[in-house]
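Protein chains in written order, with this note's numbering: chain A, 2 to 210; chain B, 2 to 210. Let me begin by presenting the structure, written as structure tokens, before commenting on it.
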DNA sequence: GTCTATAAATGGATAGAC
DNA sequence: GTCTATCCATTTATAGAC
């Protein structure tokens with residue numbers, strides 16, 4: 002077997018991609034335990050031996066897929082928006098808030114959170130990858146921005162790290178908690194918009210100089 | 002072992018209680034999928050036919066136990082503390098905050114949350130029971146208290162329901178989110194105490210008249 | 001009512017043909 | 001590399017003895 006110039010990202014064959022796609026969907030929908038390798042093979046339109054030729058076992062498959070998903074979900078969106086210099090802190094914070102909520106408040110984001118929370122005791126790397134690639138980057142960036150606002154005297158933020166978490170807590174909790182408990186429907190864009198405006202107003206009041 | 006006038010609440014035999022106790026522990030530790038009826042029978046020191054004579058099937062057993070646990074966890078602690086009239090709003094809010102965090106930030110509370118979030122799609126009644134018996138009662142009581150403070154002009158709370166959620170969000174998020182993701186250890190009493198003080202200060206600043 | 005033993009089905013993983 | 005067919009362990013659930 003000669004390696005051609007095929008392997009650009011990583012040598013993933015078409016079958017492997019089929020498997021990953023099917024498994025992702027099934028794991029997100031049903032968690033780890035109640036998804037069988039039979040079901041994955043069936044939905045991917047491959048046989049079980051093919052499945053096992055690409056992935057060592059079920060745990061490895063799950064770990065690889067979920068870690069990749071955490072990275073995709075995190076890396077893509079958390080680096081932008083912050084500090085288009087020509088906008089007011091109020092508008093920047095609103096943009097940050099809406100970006101965050103848009104990222105999380107949808108079917109995939111919620112499912113990912115469910116899985117991470119449920120399976121991180123059995124797969125510790127899952128929680129770590131999720132945290133490092135997602136929330137941590139967000140909090141670090143937000144903390145840096147708040148530190149800057151404090152240094153410039155625009156806001157008074159004595160503990161930027163705590164302030165970032167509290168901002169995010171107010172932002173998320175109203176929606177994420179009842180959503181995870183399954184007692185409300187996904188909020189509309191309008192609801193999200195209004196909520197963010199309210200939270201930013203509260204936050205600015207807390208940290209008024 | 003003769004059953005005397007034991008059964009006060011509901012006719013639960015000794016064996017049934019053994020089963021419930023063992024199953025509760027196992028479900029909390031491992032979720033629904035990966036706990037087998039064999040394991041439950043074994044830990045309860047009963048045979049499988051005995052297990053099945055008391056509970057129709059695994060799903061029913063899970064549902065019954067978890068719903069009962071949600072009720073226990075909710076009913077016990079949410080009704081007290083509010084409004085010992087002789088204390089300042091600041092101190093009452095701090096007491097409320099500490100009570101809530103003490104209730105949730107422990108091994109059982111966290112496990113319960115994991116299960117509810119993970120399994121509420123398959124067992125919708127789980128999320129509903131959890132919400133109605135726990136968080137909802139808390140938020141209703143807090144909302145009522147904030148409404149009163151607003152009416153008395155002590156604080157300015159234009160939307161008490163939202164304010165209650167935001168208070169709880171700031172209170173919980175710092176701990177609950179990284180705990181669920183498995184990336185921090187359980188906070189100490191000291192950390193909780195300091196955090197609550199900070200949150201209450203922020204909340205009072207938001208709603209200063 | 002409770003247990004031993006087992007049925008019936010499904011799970012993860014593999015041998016061997018193509 | 002892929003599939004058919006299968007192995008073996010485990011799972012849910014029950015029949016029948018005590």
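Backbone N, C-alpha and C define an ideal beta-carbon position, used for all residues, glycine too. No experiment lies behind these values; they were computed from the predicted model shown.
The Cβ atoms of residue 193 of chain B and residue 102 of chain B lie closer than 9 Å to each other.
For residue 157 of chain B, no alpha helix (DSSP H) run applies, since DSSP gives it neither H nor E. Counting only runs that start and end inside the segment 159 to 210 of chain A, the alpha helix (DSSP H) elements of at least 4 residues fall at 161 to 181, 190 to 207. Taken atom to atom, the span from the alpha-carbon of residue 96 of chain A to that of residue 210 of chain A is near 22 Å. Look at residue 206 of chain B: its C-beta is under 9 Å from a C-beta on chain A.
Looking from the CA of residue 199 of chain A, the closest CA among B:158, B:69, B:200, B:144 belongs to B:158.
Looking at the backbone, the Cα of residue 122 of chain B and that of residue 153 of chain B are separated by about 43 Å. Runs of alpha helix (DSSP H) with 4 or more residues, each lying fully within the segment 46 to 130 of chain A, are found at 49 to 55, 59 to 78, 90 to 105, 108 to 120, listed in chain order. By the Cβ neighbour-count rule, residue 167 of chain A is buried, with 16 or more other Cβ atoms within 10 Å of its own. Between residue 72 of chain A and residue 134 of chain A, the CB-CB gap stays under 9 Å. In the structure shown, residue 30 of chain A falls within a helical segment according to DSSP collapsed to helix, strand and coil. With contacts defined as CB atoms closer than 9 Å, residue 136 of chain A and residue 118 of chain B fail to qualify as a contacting pair. The Cβ of residue 191 of chain A sits no closer than 9 Å to any Cβ of chain B.
Put simply, the CB of residue 64 of chain A is far from chain B, with every gap to its CB atoms at 9 Å or more. Cβ neighbours of residue 173 of chain A within its own chain (closer than 8 Å, five residues either side excluded): 101, 102, 105. Within the model, the alpha-carbon separation for residue 68 of chain B versus residue 39 of chain B is close to 22 Å. Contact between residue 116 of chain B and residue 62 of chain B does not hold, since the beta-carbon distance rounds to 14 Å and is not under 8 Å. Nearest C-alpha to residue 150 of chain B among B:93, B:74, B:45, B:48: B:93. Around residue 205 of chain A, the same chain offers 90, 91, 94, 156 as residues with beta carbons nearer than 8 Å, after the five sequence neighbours per side are excluded. Under a criterion of Cβ atoms nearer than 8 Å, no residue of chain A is adjacent to residue 58 of chain B; the nearest Cβ is some 15 Å distant. In this structure, the straight-line span from the alpha carbon of residue 183 of chain B to that of residue 64 of chain A is close to 16 Å.
Residue 14 of chain A carries a coil assignment under DSSP once its states are collapsed to helix, strand and coil.
Take residue 26 of chain B, set aside five residues on each side of it, and the residues of its chain with a beta-carbon closer than 8 Å to its own are 44, in chain order.
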